[in-house]
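Engineer:
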Amino acid sequence: MGKLYKFLKYSFITIWTVFVVAPFLWALTTSFKDFNSVNGGATYIPWVDFEPKLEGWKVLIKSPANGGVDIIEPYFNSLFVTCTASLISIVLGTLSAYALSRFTFKAGFVKNNDITFFFISQRIMPPIVLSIPFFLFLGAIDLLDSLIGLIVVYIVLLMPIAVWIMVDFFNKVPREIDETALIDGCNPYQAFFKVVLPNSIPGLIVAGMFCIIFGWIDFFFAFILTFTEVQLLPVKIVALNSSITPWWSLSASALVSVAPLIVVAFIVERYLSKGNLSGAIK
Amino acid sequence: MNFKHKYVFLFPGLFVLIGILIFPIIFVVRLSLSGWNSYNGLNFIGLENYIRLFTDDPRFWQSFFRLSFLSVTTVVLQYVIGFALAHMVWKDIKFQRFFRVLFLIPMMTTPVIMTVIWRTFFHESLGPVNDILSNFGMTPKWLTDPTLAKITVIIVEVWQWTPFMFLLLLAGLLSLPKEPFLAAAIDGASPVRKFIYVTFPLMAPISIGAIIIRLIEASKIMDTVYVLTSGGPGTSTETSSFYIFIKGLREFQMGYAASMSFTYLIIMIISLTFIAKGLTKLLLKD
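Pasting the structure below:
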């Protein structure tokens, strides 16, 4: 039994590892190819199957006039929109989550759980439902095709995630902490900022990571709400795909675009091992 | 603990969210009752759009069933694979951290950008998959055959989102109490029995949560389809979101698209509620 299980386990893990790594390896080799080594059929091993060229990577830093792909500006746009929207969502979401975790609210039949559900349920909303009114509204107030318009929309996407993770996290932070602080003469704001918040840093980091992931990977809203003035990274790469951009520069720019968030995988794993994620989904 | 200050904490977030959402949602409902396209204004036409949708638009319902099929299939696969992987790297494994990080990585990558890579990967004549398969005399049309295109979408979705399932389930496994496992070990239960009678029941609430979360996200499938097949060949990979997108923002029949998206939202809420209740009944027998 033990041996068979071990064999199955390691074979399954090996197969899955190959599956996970395959597209990355393919993109990496493709990014060093040129016309001949792409169009003659699939090639895999540099120097054996094909002669590696740096052309795919060089176009990343060239100006568009010289045939570059110009992903630097979209890169910073994406970074700016994601970080700003995440920050606003975390600040507002954390405050609301704290209120929902510590105080009792009652307005008619609406109670704490209903308010929490209202926040989280925004994730159920299919993006397409909101995209048409957002398109018309942002157009009406002249924020279509602007960074601010996107940030406003991304707050709707990200705040539910922040509230979801932080409510669970605050529920695990013992109430005695803030009660003691209040008895010691803090007002509720001091109790929150000086005592509760410093004890919630792991939760804040996890919530922040999730906001950044879901902000960075969004394509749909960026695709519908921006045109030429502002371009985010995913939209830019997809535009490259539909034009005649060769595979090597396409692969290089795709790899550069997905690289930064791989750091996030390490951070999430770290907090996972420490048990800080466990409360989040119950 | 009860303070006037509690509203100071709650309201900024709540009102920002409501403030951003309230007009769009009211507007969708109003728009769905009008014949708005690019030339005539917000003229009220009553339930005409809904009547058209329910009596005269098989394409919407086909896209909806296709979406149901795709999201249920991918989520089931993700759950089975995700659970298996989480269970395997839970304990007793070499290079534990390496595998955990590696299995998380796909969900950190932007779906559309990876789909661009997948498109080259599944390319019929120049991609590596068909290069390997051609040795066995097969050259499947991954992106242009109606059935295979669906499978390709499923493969890409499973690659992209199994890590999320894996993350939720591994977090759950790591939070389980130790006592039931000690008891099982003392009783000398085999690994299989331990899984069936201890691990799986303990994981049931977490499983339900994870499946619901993934179903919600999977029901939005659109990015991958847009890049991979653009709904094609024909309409064979077209999902609800994509069809609404075509009607509303390509053909600019905004009123009709609004009525479809409102219907779609209501169906989503109802069916997810039923699925949640059904799963709870199925997995939490006591």
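Taken in order, these protein sequences are the chains called P and X. Each number in the working numbering corresponds to the 1-based position in the first sequence with 279 added. Each number in the working numbering corresponds to the 1-based position in the second sequence with 40 added. Just so you know, even glycine gets a beta-carbon here, dropped at the ideal spot from N, CA and C.
Give the interface partners of residue 299 (chain P) over in chain X, defined as CB-CB distance under 8 Å, in chain order.
Structural biologist: Those are 142, 143, 145, 146 and 199, listed as they occur along chain X.
Engineer: In this structure, does DSSP put residue 329 (chain P) in helix, strand or coil?
Structural biologist: Residue 329 (chain P): strand per DSSP, three-state reduction.
Engineer: May I ask you to list, following chain order, the residues of the segment 180-207 of chain X that have a beta carbon less than 8 Å from some beta carbon of chain P?
Structural biologist: Within the segment 180-207 of chain X, the qualifying residues are 199 and 207.
Engineer: Could you check which residue in X:65, X:324 and X:229 has the C-alpha nearest to that of residue 407 (chain P)?
Structural biologist: For the residues X:65, X:324 and X:229, the minimum Cα distance to residue 407 (chain P) belongs to X:65.
Engineer: Could you please tell me which residues of the segment 522-536 of chain P, in chain order, have their CB closer than 8 Å to any CB of chain X?
Structural biologist: Taking 8 Å as the Cβ-Cβ cut-off against chain X, the residues of the segment 522-536 of chain P that qualify are 526, 529, 530, 533 and 536.
Engineer: Report all residues from its chain with a CB closer than 6 Å to the CB of residue 284 (chain X); omit the five preceding and five following residues, and keep chain order.
Structural biologist: If we look at residue 284 (chain X) and ignore the five residues flanking it on each side, its Cβ neighbours are 297, 300 and 301.
Engineer: On the DSSP letters alone, give me the boundaries of the alpha helix (DSSP H) that residue 450 (chain P) sits inside.
Structural biologist: Counting along the chain, the alpha helix (DSSP H) containing residue 450 (chain P) begins and ends at 426-451.
Engineer: Taking three-plus beta-carbon pairs below 8 Å as touching, is the segment 270-285 of chain X in contact with the segment 89-108 of chain X?
Structural biologist: Verdict: yes, contact present.
Engineer: If you draw a straight line from the alpha carbon of residue 208 (chain X) to that of residue 290 (chain X), how long is it in whole angstroms?
Structural biologist: Near 37 Å, if we compare the C-alpha coordinates of residue 290 (chain X) and residue 208 (chain X).
Engineer: Can you name the residues of chain P whose CB is closer than 7 Å to the CB of residue 260 (chain X)?
Structural biologist: Result: 405 and 406.
Engineer: Buried or exposed for residue 232 (chain X), going by 16 or more other Cβ atoms inside 10 Å?
Structural biologist: Under this definition residue 232 (chain X) is an exposed residue.
Engineer: Under 8 Å Cβ-Cβ, which residues of chain X neighbour residue 495 (chain P)?
Structural biologist: Correct list: 150.
Engineer: Can you list, in chain order, the residues of the segment 151-163 of chain X whose Cβ is nearer than 8 Å to any Cβ on chain P?
Structural biologist: The segment 151-163 of chain X vs chain P, Cβ under 8 Å: 151, 152, 153, 154, 156, 157, 158, 159, 160 and 161.
Engineer: Quick check: does the Cβ of residue 249 (chain X) come within less than 7 Å of any heavy atom belonging to the ligand SAM?
Structural biologist: Of the ligands one can find in the structure shown there are none, so the ligand SAM has no counterpart to examine.
Engineer: Would residue 281 (chain X) count as contacting chain P if we go by Cβ distances under 8 Å?
Structural biologist: It does: the Cβ of residue 281 (chain X) has a partner Cβ on chain P nearer than 8 Å.
Engineer: For residue 390 (chain P), write down the residues that DSSP places opposite it in a beta bridge.
Structural biologist: Its beta-bridge partners are P:385.
Engineer: Just by C-beta distance, which residues in the segment 304-331 of chain P are closer than 8 Å to chain X?
Structural biologist: So the list reads 305, 306, 309, 317, 318, 320, 321 and 323, given in the order they occur along the chain.
Engineer: Measuring only the C-alpha atoms, how far is residue 45 (chain X) from residue 296 (chain P)?
Structural biologist: Approximately 51 Å between the Cα atoms of the pair.
Engineer: Output needed in chain order: residues of the segment 44-60 of chain X with a Cβ under 7 Å from some Cβ in chain P.
Structural biologist: The residues in question are 45, 46, 49, 50, 52, 53, 54, 56, 57 and 60.
Engineer: State the DSSP-derived secondary structure class of residue 558 (chain P), mapped to helix, strand or coil.
Structural biologist: The predicted position of residue 558 (chain P) is uncertain, since its pLDDT is 49 and thus under 50; no value can be drawn from it.
Engineer: Within 10 Å of its beta-carbon, does residue 365 (chain P) have 16 or more other beta-carbons around it, so buried, or fewer, so exposed?
Structural biologist: By the neighbour-count rule (16 or more Cβ atoms within 10 Å), residue 365 (chain P) is buried.
Engineer: Measuring CB atoms only, is the segment 145-153 of chain X touching the segment 304-318 of chain P, in the sense that at least three cross pairs come out at less than 8 Å?
Structural biologist: Counting Cβ pairs under 8 Å, fewer than three are found: no touch.
Engineer: So, is the C-beta of residue 334 (chain P) closer than 8 Å to a C-beta in chain X?
Structural biologist: Chain X contact via Cβ: absent.
Engineer: Can you say whether residue 197 (chain X) is buried or exposed, counting buried as having 16 or more other CB atoms within 10 angstroms of its CB?
Structural biologist: When all chains shown are included, residue 197 (chain X) counts as buried.
Engineer: Specify, as a first and last residue, the run of the alpha helix (DSSP H) that residue 308 (chain X) falls within.
Structural biologist: Where residue 308 (chain X) is concerned, the enclosing alpha helix (DSSP H) stretches over 294-323.
Engineer: Do we get a CB-CB distance below 8 Å when we pair residue 445 (chain P) with the residues of chain X?
Structural biologist: Answer no: the Cβ-Cβ gap between residue 445 (chain P) and chain X never drops below 8 Å.
Engineer: Just confirm the distance between the C-beta atoms of residue 318 (chain P) and residue 183 (chain X), as a whole number of angstroms; I'd bet it's less than 8 Å.
Structural biologist: Going by Cβ atoms, the distance from residue 318 (chain P) to residue 183 (chain X) rounds to 18 Å, so no, they are not a contact pair.
Engineer: For residue 404 (chain P) and residue 379 (chain P), I'd like the C-alpha separation in whole angstroms.
Structural biologist: Rounded to whole angstroms, residue 404 (chain P) to residue 379 (chain P) spans 22 Å at the Cα level.
Engineer: Are residue 205 (chain X) and residue 136 (chain X) close, meaning C-beta to C-beta below 8 Å?
Structural biologist: No, they are not a contact pair.
Engineer: With distances taken Cα to Cα, identify the nearest neighbour of residue 421 (chain P) among P:338, P:291, P:322 and P:508.
Structural biologist: That would be P:508, whose Cα lies nearest to the Cα of residue 421 (chain P).
Engineer: Determine the contact status of residue 429 (chain P) and residue 518 (chain P), defining contact as a CB-CB distance below 8 Å.
Structural biologist: The answer is no: Cβ separation not under 8 Å.
Engineer: If we count the other Cβ atoms within 10 Å of its Cβ and call it buried at 16 or more, is residue 318 (chain X) buried or exposed?
Structural biologist: Result: exposed.
Engineer: For residue 135 (chain X), name the three-state secondary structure that DSSP assigns.
Structural biologist: Three-state DSSP puts residue 135 (chain X) in coil, outside helix and strand.
Engineer: What residues in its chain sit with their C-beta under 8 Å from that of residue 160 (chain X), if we drop five residues either side in the sequence?
Structural biologist: The residues are 166 and 167.
Engineer: I'd like the ranges of any alpha helix (DSSP H) spanning at least 4 consecutive residues and lying wholly in the segment 454-541 of chain P.
Structural biologist: Qualifying alpha helix (DSSP H) stretches, in chain order: 454-462, 480-495, 499-504, 512-521 and 526-537.
Engineer: What does residue 124 (chain X) touch in chain P if you count any residue whose Cβ is under 8 Å from its own?
Structural biologist: Within 8 Å Cβ-Cβ: 291.
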